[in-house]
Each structure stands twice: as structure tokens, then as C-alpha cells.
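Enquirer: In this note's numbering, the protein residues as written are 4 to 256. One structure coming up, written as C-alpha cells, with questions to follow.
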């Protein structure tokens with residue numbers, strides 16, 4: 004046996020799991036097993052692969068969990084997609100994983116209302132929404148509006164939309180829960196952060212309870228087009244008292 008452990012394999016950065024709820028199977032990835040949990044929810048018609056670069060960056064600092072919404076990726080389809088059911092199952096998944104700290108919950112685009120709905124029903128440390136929609140678009144407008152060409156080429160394969168147009172219709176109720184920038188958060192005054200690739204409509208910035216960060220970049224994938232900056236914004240929620248220069252120095256670039 005090598006006392007230095009040099010011949011021992013390093014633990015994988017990402018591990019993939021499935022969990023069966025009463026309504027079906029959830030597929031998810033995890034990184035790390037220490038620190039405050041960060042739950043990453045992809046936009047409707049996209050899967051958890053979009054979170055891989057950010058999750059790898061945050062792994063030394065938190066327990067990161069990226070899920071496939073039901074009907075996407077490895078998560079089984081449902082007859083119906085009810086927001087309360089999805090939040091309840093996601094909370095049960097976290098409980099099953101032994102999560103005891105209030106998480107940071109992140110929702111991308113059309114999943115932003117679901118992240119906020121989770122924060123309304125469950126204790127959270129912070130809720131983060133990325134490029135939220137101000138209305139529910141038609142299918143062609145929805146996919147084209149993401150401007151996938153703006154995603155860096157080395158990440159583009161991680162942002163491949165599903166080909167089943169019925170998903171957008173099936174998730175319409177989830178996407179219409181409420182205006183994500185105006186929805187009240189749960190008790191305890193968690194941090195509420197909205198990250199925008201471009202200047203958002205006034206309807207999304209009217210609520211002073213939200214802190215808005217505008218990256219001034221094309222597309223609707225702020226966490227991929229400006230991944231180091233996005234990761235630093237999340238680290239600021241984990242370590243609010245640490246200077247930005249020290250947080251940036253901790254990146255795994």
C-alpha cells in the first residue's frame with residue numbers, strides 16, 4: 004500500500020444518480036459532498052448537462068445537485084406537470100440525500116418560476132433566476148430566443164434542446180406560476196438574485212427585493228457565456244463576507 008495515496012484513483016468530479024419518487028424517476032448529477040447545497044434546475048426543453056461547467060467550478064465550495072426535470076434527459080415523463088408536485092418531489096429528493104442546510108436554488112429561463120415557487124414553499128438560503136422570460140413564447144420563438152450560437156463553441160453541445168414540442172405545452176402551467184421577479188419569497192428573507200444576459204424588461208426589475216445583475220452578453224445562457232462571472236456571483240451568496248478578489252482567485256480555471 005502506498006502511504007501517500009498516489010496510486011489511488013481520484014474521486015470523480017461528477018456522479019450520476021436516479022431517484023424514484025411516487026410519481027416517477029428523477030435523474031440528477033452531484034458534485035462534492037460538503038458545504039451548502041446548490042440546486043440547479045434547467046430550462047424546459049433542456050437537460051442538466053447545461054450545468055456541468057458551473058457545477059465543476061463550484062464543487063470545491065458546496066454540494067452541487069443538477070436535476071433533469073421530469074420528461075427531460077433521464078427523468079421519466081408524466082401525465083401532468085404540476086408545480087406543487089414538482090416542488091414537493093424536489094424537496095423530498097433533497098431530504099433523501101440528507102440535505103439539512105437551506106439550499107441555494109437556481110432556475111434557468113422558463114424554470115425560474117419553479118425555483119421561486121420552491122423558495123415560497125421551502126426554506127432556502129437564496130433563490131437565483133437566470134434570464135427569466137417575461138411571457139411564455141411559442142415553440143419557435145422559445146428555442147430561437149435562446150440564441151444557441153451565442154453559447155461558446157466548447158459548451159454548445161451542453162445546451163441542446165429536446166425535440167419533443169409537447170414539453171413546452173405540458174410545462175405551460177409551470178412557466179406561468181407567477182411573475183418570477185415579483186413573487187414573494189419564503190419567510191426568512193433569503194437573498195433574491197436575478198441574472199440577465201441583456202437588459203431585462205421593466206416588468207422584471209420593478210421589485211426592489213431582487214438584486215439584478217446584467218452581463219450585457221448575447222443569448223439567454225448567462226451561466227455558459229460568462230461562466231466564471233456567474234460562478235463568482237454564486238460564490239458571493241455562499242461567502243458574502245469574502246472579498247471578490249479572493250473568490251475569483253479560487254476558481255478552477
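Where is the CB? At the ideal position from N, CA and C, for every residue including glycine. Just so it is clear, the structure is predicted and the values come from calculations on it, not from any experiment.
Can you look up residue 55 in the DSSP assignment and give me helix, strand or coil?
Expert: DSSP places residue 55 in the helix class (H, G or I) of the three-state scheme.
Enquirer: Report buried or exposed for residue 11, applying the criterion of at least 16 other Cβ atoms within 10 angstroms of its Cβ.
Expert: Bear in mind that a pLDDT of 45 at residue 11, under 50, signals an unreliable position, so the model cannot answer this.
Enquirer: Should the stretch 70 to 83 be called in touch with the stretch 45 to 52, which here means at least 3 C-beta pairs below 8 Å?
Expert: Yes, the stretch 70 to 83 is in contact with the stretch 45 to 52.
Enquirer: Going by C-alpha distance, which of 101, 103, 118 is nearest residue 90?
Expert: 118
Enquirer: Using the C-alpha atoms, what's the distance from residue 34 back to residue 143?
Expert: 34 Å
Enquirer: Which two residues bound the contiguous beta strand (DSSP E) that contains residue 214?
Expert: 214 to 217
Enquirer: CA-CA distance, residue 92 and residue 146?
Expert: 27 Å
Enquirer: How is residue 255 classed by DSSP in three states: helix, strand or coil?
Expert: Reliability of the predicted coordinates at residue 255 is poor, the pLDDT of 33 falling under 50, and the value obtained from them is presented with this limitation in mind. Residue 255 sits in coil when the DSSP states are folded into three classes, being neither helix nor strand.
Enquirer: Run through the DSSP bridge pairs and tell me what residue 158 is partnered with.
Expert: Answer by DSSP bridge pairing: none, since residue 158 is not bridged.
Enquirer: How many whole angstroms separate the CB atoms of residue 225 and residue 167, which I take to be in contact at a CB cut-off of 8 Å?
Expert: With a beta-carbon spacing of about 25 Å, residue 225 and residue 167 fall beyond the 8 Å limit used to define contacts.
Enquirer: Any idea if residue 265 is buried or exposed, counting beta-carbon neighbours within 10 angstroms, 16 or more meaning buried?
Expert: Outside the displayed range of the chain (4 to 256) lies residue 265, so it cannot be described from this structure.
Enquirer: Nearest CA to the CA of residue 141: which residue from 151, 171, 159?
Expert: 171
Enquirer: Could you give the residue range of the beta strand (DSSP E) that holds residue 195?
Expert: 194 to 199
Enquirer: Taking DSSP as the reference, what is the three-state secondary structure of residue 43?
Expert: strand
Enquirer: Using a Cβ-Cβ cutoff of less than 6 Å, which residues in the same chain neighbour residue 30 once the five nearest sequence positions on both sides are dropped?
Expert: Here the set comprises 21, 71, 76, 77, 78.
Enquirer: I'd like to check one pair, residue 131 with residue 109: are the Cβ atoms closer than 9 Å?
Expert: yes
Enquirer: For residue 116, tell me which candidate among 162, 175, 56 has the shortest Cα-Cα distance.
Expert: 175
Enquirer: According to DSSP, simplified to helix, strand and coil, what is residue 174?
Expert: Residue state, collapsed to three classes: coil.
Enquirer: On the three-state DSSP scale, how would you describe residue 115?
Expert: helix
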